[in-house]
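Asker: My questions all concern the structure below.
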Amino acid sequence: MIDDKIKTFIKVVECQNYTQAANLLHLTQPAVTQHIKALESYYQHKLIDHPHKSFQLTKAGEMLYDYARIQLHNEELFEEMIIKHSTPLTIGATLSIADYYIPALLAPVLISSKQEYQIIVANTQNLIQEMMNGKVECAFVEGHFNTELFDYHLFKEERFIPVVRSTHPLANKNISFNDLFSYPLFVREKGSGTRAILEDYLNQTLYQLHSFEHCNEIGNLSMIKALLLHTDGITFVYEGVVAEELKHGQLKELQLADFEITRPMHFIYLKSNINRLIYQQFFKNLMKNCEDSNSVWDKRIISTQ
Numbered sequence: 430m431i432d433d434k435i436k437t438f439i440k441v442v443e444c445q446n447y448t449q450a451a452n453l454l455h456l457t458q459p460a461v462t463q464h465i466k467a468l469e470s471y472y473q474h475k476l477i478d479h480p481h482k483s484f485q486l487t488k489a490g491e492m493l494y495d496y497a498r499i500q501l502h503n504e505e506l507f508e509e510m511i512i513k514h515s516t517p518l519t520i521g522a523t524l525s526i527a528d529y530y531i532p533a534l535l536a537p538v539l540i541s542s543k544q545e546y547q548i549i550v551a552n553t554q555n556l557i558q559e560m561m562n563g564k565v566e567c568a569f570v571e572g573h574f575n576t577e578l579f580d581y582h583l584f585k586e587e588r589f590i591p592v593v594r595s596t597h598p599l600a601n602k603n604i605s606f607n608d609l610f611s612y613p614l615f616v617r618e619k620g621s622g623t624r625a626i627l628e629d630y631l632n633q634t635l636y637q638l639h640s641f642e643h644c645n646e647i648g649n650l651s652m653i654k655a656l657l658l659h660t661d662g663i664t665f666v667y668e669g670v671v672a673e674e675l676k677h678g679q680l681k682e683l684q685l686a687d688f689e690i691t692r693p694m695h696f697i698y699l700k701s702n703i704n705r706l707i708y709q710q711f712f713k714n715l716m717k718n719c720e721d722s723n724s725v726w727d728k729r730i731i732s733t734q
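Right, dumping it as structure tokens:
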């Protein structure tokens, strides 16, 4: 690892100006001066003549600059070699999040980073199990997880809504939950965070999934949306999953009385993981790419770091 004082020296020589080098390095000018003096003390030779008048390297300064550039280049090559031979960072994401929430945010990170990534898509329950088994390092999840085992960051708060096709008999009407039961319901598979939200709500009422005339389990969101367009079926999903269909009038949010649910999506990883700083930096970089002013993105770290 190249000493920071050497990097400061290189930047001063390239700029031929202490103040400019300090600005580029985000240091104060006195700090830059101290770095140069420390090098001169260590090597017992003056490196720069009259830096406040005309900039000129001494012979020792020229030798150190040539040596430092070679070492910096070797350091960069070594870092590339280490990254190239390192294992990919394995990131999990639920189907809803993987398909509708993170692609636009993730793309710049994947392209700009030297780190290789492996993206695993599964439901919340399976992702948590894979993290416990050491096969997934960190994940974007919906629904429940053990906060005693996982550190977590809030990724997004999102509305959970009932949806039908625009020509559905219940569209544009004020309705109650009882009005839904004569229509088929499309739900995700067991272990899905989306399904867990609906089941949690029903458990707090007198209803259950089988209160619906037909309850159909579909493990694919695109298929659920396609089925809605061709039937009088109903589903409950995150608003972002059907944002395009709602925008273009293909699907409609039902006006369901006393039903207003907002749920968090989280980025999680096991507590005390030795790579936790890597995961935190990944999440920070991802959130920098969020430029949609209409979305509410909470960048606070929720867990105690």
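No gaps in the numbering here: position 215 of the sequence shown is 644 in our numbering, and each next residue is one more.
Yeah, the Cβ is synthetic: ideal placement off N, Cα and C, and Gly gets one too.
To the nearest angstrom, report how far apart L406 and K543 are at their CA atoms.
Answerer: Because the chain spans 430 through 734 in this model, residue 406 falls outside it and cannot be assessed.
Asker: May I ask you to list the residues that DSSP assigns as paired with N603?
Answerer: To locate residue 603, count along the sequence shown from 1; it is residue 174. Q684.
Asker: Just how far apart, CA to CA, sit N555 and G620?
Answerer: Along the sequence shown, one-based indexing puts residue 555 at 126. Along the sequence shown, one-based indexing puts residue 620 at 191. Going by the C-alpha atoms only, they are around 7 Å apart.
Asker: What alpha helix (DSSP H) runs, 4 residues minimum, are completely inside the region 453-506?
Answerer: The qualifying runs are 458-472.
Asker: Under DSSP, the alpha helix (DSSP H) around I531 begins and ends at which residues?
Answerer: On the sequence shown, position 102 is the one that residue 531 refers to. It is not in any alpha helix (DSSP H) - I531 carries neither H nor E in the DSSP assignment.
Asker: Let me make sure I understand the geometry here. Which of S483, K488 and V461 has the alpha-carbon closest to that of H474?
Answerer: The sequence position of residue 474 within the sequence shown is 45, counting from 1. Nearest C-alpha to H474: K488.
Asker: Go through its chain and collect everything with a Cβ distance to S483's Cβ below 6 Å, but skip five positions before and after it.
Answerer: Translated into positions along the sequence shown, residue 483 becomes position 54. Once the five neighbours on either side are set aside, S483 has no close Cβ partner at all.
Asker: Which runs of the alpha helix (DSSP H) spanning at least 4 residues fall entirely within the region 548-614, listed in chain order?
Answerer: Counting only runs of 4 or more, we get 553-561.
Asker: What does the Cβ neighbour count give for A625, buried or exposed, with the cut at 16 atoms within 10 Å?
Answerer: The residue labelled residue 625 in the question sits at position 196 within the sequence shown. Its Cβ being crowded by 16 or more others within 10 Å, A625 is buried.
Asker: Here's the rule I'm using: 16 or more other beta-carbon atoms within 10 Å means buried, otherwise exposed. How should G521 be labelled?
Answerer: Position 92 of the sequence shown, counted from the first residue, corresponds to residue 521. Per the 10 Å Cβ criterion, buried.
Asker: When we look at the beta-carbon of A536 and count the other beta-carbons within 10 Å, is it buried (16 or more) or exposed?
Answerer: In the sequence shown, the residue the question calls residue 536 occupies position 107. Result: exposed.
Asker: Buried or exposed: which applies to N503, given that a residue is buried once 16 or more other Cβ atoms fall within 10 Å of its Cβ?
Answerer: In the sequence shown, counting from the first residue as 1, residue 503 sits at position 74. Label assigned to N503: exposed.
Asker: I'd like to know whether the C-beta of N503 is nearer than 8 Å to at least one C-beta of chain B.
Answerer: Among the chains in the structure shown there is no chain B, since it carries only a single protein chain.
Asker: So what does DSSP say about G678, is it helix, strand or coil?
Answerer: Your numbering for residue 678 matches position 249 in the sequence shown. Correct three-state label for G678: coil.
Asker: Taking C-alpha atoms, which residue in S595, Y471 and N446 lies nearest to G662?
Answerer: For the purposes of this step, residue 662 is identified with residue 233 of the sequence shown, where counting begins at 1. Nearest C-alpha to G662: S595.
Asker: Could you tell me how far apart the beta carbons of L683 and N645 are, in whole angstroms, since I believe they sit closer than 8 Å?
Answerer: Stepping through the sequence shown from its first residue, residue 683 is reached at position 254. Stepping through the sequence shown from its first residue, residue 645 is reached at position 216. That belief does not hold up - the Cβ atoms of L683 and N645 are roughly 18 Å apart, past 8 Å.
Asker: Evaluate contact between the region 555-567 and the region 649-667, counting only Cβ atoms and requiring at least three cross-stretch pairs below 8 Å.
Answerer: Because the criterion of three Cβ pairs below 8 Å is not met, the region 555-567 and the region 649-667 do not touch.
Asker: Following the continuous alpha helix (DSSP H) through Y636, name the residue where it begins and the one where it ends.
Answerer: As a working note, residue 636 is residue 207 in the sequence shown. Per DSSP, Y636 belongs to no alpha helix (DSSP H) and is neither H nor E.
Asker: Using alpha carbons as the reference points, say which of I435, L706, G648 and P591 lies closest to L493.
Answerer: As a first step, residue 493 is located in the sequence shown; it is residue number 64 there, counting from the start. Of the listed residues, the one whose Cα sits closest to L493 is I435.
Asker: Assign T623 to one of three DSSP states: helix, strand, or coil.
Answerer: Stepping through the sequence shown from its first residue, residue 623 is reached at position 194. Here T623 sits in helix by DSSP.
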